[in-house]
Amino acid sequence: LEQNILWLGNKQIPKAPFTKEIYQAVERRNKMKMTYRTTNGQRTFTVAPVGMALLDLKWYVFGLSELGLRQYRIDRIEAIKLLDETFECEDLVTLLQASDERVGVTVQLELTSLGRRLLEDVLPDIEDKNEWDVPEEELPFLSRQLLKAGAEVEVKAPRVLREMMKEHVERLVALYV
4 LEQNILWLGN KQIPKAPFTK EIYQAVERRN KMKMTYRTTN GQRTFTVAPV GMALLDLKWY
64 VFGLSELGLR QYRIDRIEAI KLLDETFECE DLVTLLQASD ERVGVTVQLE LTSLGRRLLE
124 DVLPDIEDKN EWDVPEEELP FLSRQLLKAG AEVEVKAPRV LREMMKEHVE RLVALYV
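In structure tokens, the structure reads:
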């Protein structure tokens, strides 16, 4: 049987050395100070860890910080210190539902069938829809995700997302000219 069933996809499981400590902080509702590796370098801040998730073999912690509810990849945490300070909040599912109630903008896309396939893990109900309500602060992240589909996706609206896509393309062209 082992010779006839293959494990496909990413087989590299990133090390997540702080998973146990984070789980304890979630369970005990203790705040934690963490040093996190961002695309702009290290950043140290305090977070109230409200839950965890495993996605594509990567562990994430969901935490409340001065930026609101955010998710952080545990393998990108470089240092952690559990604090004696506790916090009270709703459960993770309730917080995620509430975060979906942020002010959104309507994103309209024109997608080829290949574009739909390439973005099926990015946008919900992509087989049936061409329009989504997306929180405005998520547009920069979405624009980078839409790049996965290249010319298989065209942003029709909003204008700000179209401009973000144009900036990405201009940067790409500059790399290859």
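Counting in the working numbering, the sequence shown runs from 4 upward without gaps.
Backbone N, C-alpha and C define an ideal beta-carbon position, used for all residues, glycine too.
Quick caveat: nothing in here was measured; it's all calculated off a predicted structure.
Item	Value
Please name the residue, chosen from 150, 94, 113 and 112, that lies closest to residue 66 on a Cα-to-Cα basis.	94
Assess, as a yes-or-no matter, whether the segment 79–97 is touched by the segment 106–116 under the definition of 3 or more beta carbon pairs within less than 8 Å.	no
For residue 143, does the three-state DSSP call read helix, strand or coil?	helix
So for residue 27, helix, strand or coil by DSSP?	helix
Within its chain, find whatever has a CB closer than 7 Å to the CB of residue 159; leave out the 5 residues flanking it on each side and keep chain order.	111, 112 and 113
Does the contact criterion of 3 or more C-beta pairs under 8 Å hold for the segment 60–80 versus the segment 119–139?	no
When the Cα atoms are used, what is the spatial distance from residue 133 to residue 173?	25 Å
Please look up how many angstroms separate the CB atoms of residue 79 and residue 26, rounded, as I've assumed it's under 8 Å.	17 Å between Cβ atoms; not a contact.
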